[in-house]
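Below is one structure; the comments refer to it alone.
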Amino acid sequence: MLKHESGLKYETWLRFRFINHSQASSPALLAQVSVDGGLSIASTQPLRHRYFSLNRQTGSGSYAEVGYNIVQDEVLDSKSNKYKVLQFLGQGSFGQVVKCSKRGTDEIVAIKILKNHPYFKQQGLIEISILSKLSDRSVNDFNIVRAYEFFEHKAHLCLVFEMLEQSLYDFLKQNKFSPLPLKYIRPILQQVLTALLKLKQLGMIHTDLKPDNIMLVDPVRQPYRVKVIDFGSASYVSEPVCNTYLQTRYYRSPEIILGMPFSEAIDMWSLGCVGAELFLGWPLYPGSSEYDQIRYISETQGLPTEDMLNNASKTTKFFYKDMESPYSFWQLKTPAEHEAEMGIKSRETRKYIFNCLEDIGQVNVPTDLEGGQLLKTKVARRAFIDLLKRMLTMDQNLRITPEEALKHTFI
1 MLKHESGLKY ETWLRFRFIN HSQASSPALL AQVSVDGGLS IASTQPLRHR YFSLNRQTGS
61 GSYAEVGYNI VQDEVLDSKS NKYKVLQFLG QGSFGQVVKC SKRGTDEIVA IKILKNHPYF
121 KQQGLIEISI LSKLSDRSVN DFNIVRAYEF FEHKAHLCLV FEMLEQSLYD FLKQNKFSPL
181 PLKYIRPILQ QVLTALLKLK QLGMIHTDLK PDNIMLVDPV RQPYRVKVID FGSASYVSEP
241 VCNTYLQTRY YRSPEIILGM PFSEAIDMWS LGCVGAELFL GWPLYPGSSE YDQIRYISET
301 QGLPTEDMLN NASKTTKFFY KDMESPYSFW QLKTPAEHEA EMGIKSRETR KYIFNCLEDI
361 GQVNVPTDLE GGQLLKTKVA RRAFIDLLKR MLTMDQNLRI TPEEALKHTF I
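Here it is, written out as structure tokens:
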């Protein structure tokens, strides 16, 4: 049992299967996790170390002050296993991720170390609950990261995962954001759709699908083999999270922007944005604010339906209509009107401005093909654009499902 001194207490019983390469058949372990809301910070100044400092400013207020300053070669002890820190991999608002070797086997793992703050600990418990349902021997078939165990180290909740090589974002960056050929986009979408199908069957929503959270397993030995990671913001469909900040903005669905009830269909929207980004080499809708985000979407796909706008809670932040006229329709506020009301200046950050989604197919057209190869490429492009349109359908109730997408001609 993990214990902390009393404060706000979040307690959950969960059955978490410890899967590792030597104990794939070990029985499920029943564990009780009790995490309090108390804070204990000796200093608000981040400590520094000559290897790396994990307590960097994150822009999330006091959350940035409760990170853990780990040092290279430090040993993290889970009681059943010991892990030596090899390398700092990255960080987010939640905390940081380090590369470690497991004592005795030298197996390389990634350990996510959460900040010692009640919000992140609560989110950590939610992630553990989600992972407990995903972490079985079939998880590999659904292209979802494998979780091995969790433990607490110096009051920080730690989650141990299989080590994956590189995120899609880092891969794109490494290749100078060059567009990917459709022959590589196809298997990536197929694998992530398979993961979304599994989540849908379990009644789960990832809520933060983006290139950063799609990992290449091993680019050399298994090119374009991917897995979905980071379930820290995930929720159950029956118990959607109440969070004003949901989904990373570039991949945020219209129903989230507008403040509407939502379902697992928000993940499909995000994947459509990812697919377009792989094809273009640049985000489809790189809004610098929620207004710009819904403006970009509306300028390419048309306004959300009247029914959506009539029922959404945030419609009047971005749209207006003459309430005195029975024949008035919602209209998007101009950038100047929105700036005058909100004090937020609109920016243009798009590389491509499309009048409709079909126009995406006119980008990066190969000029060195002819005959059968040219025809084959045109057919593949048409199929890809058709799938994108179905993934990016404005009305979530009409958006394509994982089952339907896996049967699409492009896949």
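Residue numbers (full-length UniProt numbering): 1 to 411.
Where a beta carbon is used, it is the ideal one built from N, C-alpha and C, also for glycine.
What do you get for residue i, buried or exposed, if any count of 16 or more other CB atoms within 10 angstroms of its CB means buried?
i: residue 152; result: buried
i: residue 273; result: buried
i: residue 349; result: exposed
i: residue 160; result: buried
i: residue 279; result: buried
i: residue 283; result: buried
i: residue 186; result: buried
i: residue 405; result: buried
i: residue 238; result: exposed
i: residue 48; result: Caution is warranted here: a pLDDT of 27 is assigned to residue 48, below 50, making its placement in the model unreliable, and the coordinate value is therefore given only provisionally. Under this definition residue 48 is an exposed residue.
i: residue 343; result: exposed
i: residue 322; result: exposed
i: residue 287; result: buried
i: residue 371; result: exposed
i: residue 175; result: exposed
i: residue 396; result: buried
i: residue 275; result: buried
i: residue 210; result: buried
i: residue 106; result: exposed
i: residue 191; result: buried
i: residue 277; result: buried
i: residue 271; result: buried
i: residue 326; result: exposed
Once you ignore the five residues that flank residue i on each side, which residues in its own chain have a CB closer than 7 Å to its CB?
i: residue 356; result: 300
i: residue 208; result: 230, 233, 247 and 248
i: residue 227; result: 143, 144, 145, 164, 215 and 217
i: residue 99; result: 86, 87, 89, 108, 110 and 163
i: residue 398; result: none
i: residue 415; result: The structure shown has nothing for residue 415, since the chain only spans 1 to 411.
i: residue 332; result: 295, 298, 303, 318 and 319
Taking the alpha-carbon of residue i as reference, which of the options has the nearest alpha-carbon?
i: residue 149; options: 400, 385, 76 and 337; result: 76
i: residue 197; options: 85, 264 and 120; result: 264
i: residue 163; options: 340, 187, 346 and 89; result: 89
i: residue 141; options: 397, 194, 302 and 320; result: 194
i: residue 79; options: 95, 402, 327 and 103; result: 103
i: residue 200; options: 402, 362 and 329; result: 402
i: residue 69; options: 116, 82, 399 and 220; result: 116
i: residue 220; options: 370, 171, 315 and 302; result: 171
i: residue 123; options: 173, 287 and 157; result: 157
i: residue 394; options: 362, 359, 360 and 294; result: 294
i: residue 133; options: 177, 189, 74 and 235; result: 235
i: residue 178; options: 364, 120 and 250; result: 364
i: residue 420; options: 252, 276, 281 and 277; result: With the chain running from 1 to 411 in the structure shown, residue 420 is simply not present.
i: residue 168; options: 398, 333, 281 and 304; result: 281
i: residue 120; options: 82, 206, 250 and 92; result: 92
i: residue 311; options: 262, 114 and 380; result: 262
i: residue 302; options: 326, 389 and 362; result: 389
i: residue 366; options: 95, 380 and 358; result: 380
i: residue 341; options: 324, 316 and 222; result: 316
Residues in its own chain within less than 6 Å of residue i by CB, not counting five upstream and five downstream?
i: residue 218; result: 165
i: residue 147; result: 131, 135 and 161
i: residue 97; result: 89, 90, 110 and 112
i: residue 290; result: 257
i: residue 127; result: 231 and 232
i: residue 408; result: 387
i: residue 314; result: 258 and 259
i: residue 82; result: 75 and 103
How close, in whole Å, do the beta carbons of residue i and residue j come, if the pair is a contact with beta carbons under 8 Å?
i: residue 260; j: residue 204; result: Contact doesn't hold; Cβ gap of about 19 Å is too wide.
i: residue 214; j: residue 254; result: At roughly 22 Å, the Cβ-Cβ gap does not stay under 8 Å, so residue 214 and residue 254 are not in contact.
i: residue 224; j: residue 184; result: 5 Å
i: residue 328; j: residue 339; result: About 23 Å; that fails the 8 Å criterion.
i: residue 392; j: residue 269; result: 6 Å
i: residue 411; j: residue 182; result: The pair is not a contact, with the Cβ atoms about 11 Å apart (cut-off 8 Å).
What is the DSSP secondary structure of residue i, counted as helix, strand or coil?
i: residue 54; result: Model confidence at residue 54 stands at a pLDDT of 31, short of 50, so the residue's coordinates are unreliable and nothing is read from them.
i: residue 73; result: coil
i: residue 133; result: helix
i: residue 120; result: helix
i: residue 408; result: coil
i: residue 344; result: coil
i: residue 231; result: coil
i: residue 147; result: strand
i: residue 350; result: coil
i: residue 250; result: helix
i: residue 356; result: coil
i: residue 102; result: strand
Looking at the ligand NAD, does it come within less than 7 Å of residue i, judged from the CB to the closest heavy atom?
i: residue 377; result: Of the ligands one can find in the structure shown there are none, so the ligand NAD has no counterpart to examine.
Might you give, ordered along the chain, the residues of its own chain that have their beta carbon closer than 8 Å to the beta carbon of residue i, omitting 5 neighbours on each side?
i: residue 400; result: 268, 387, 390, 391, 393 and 408
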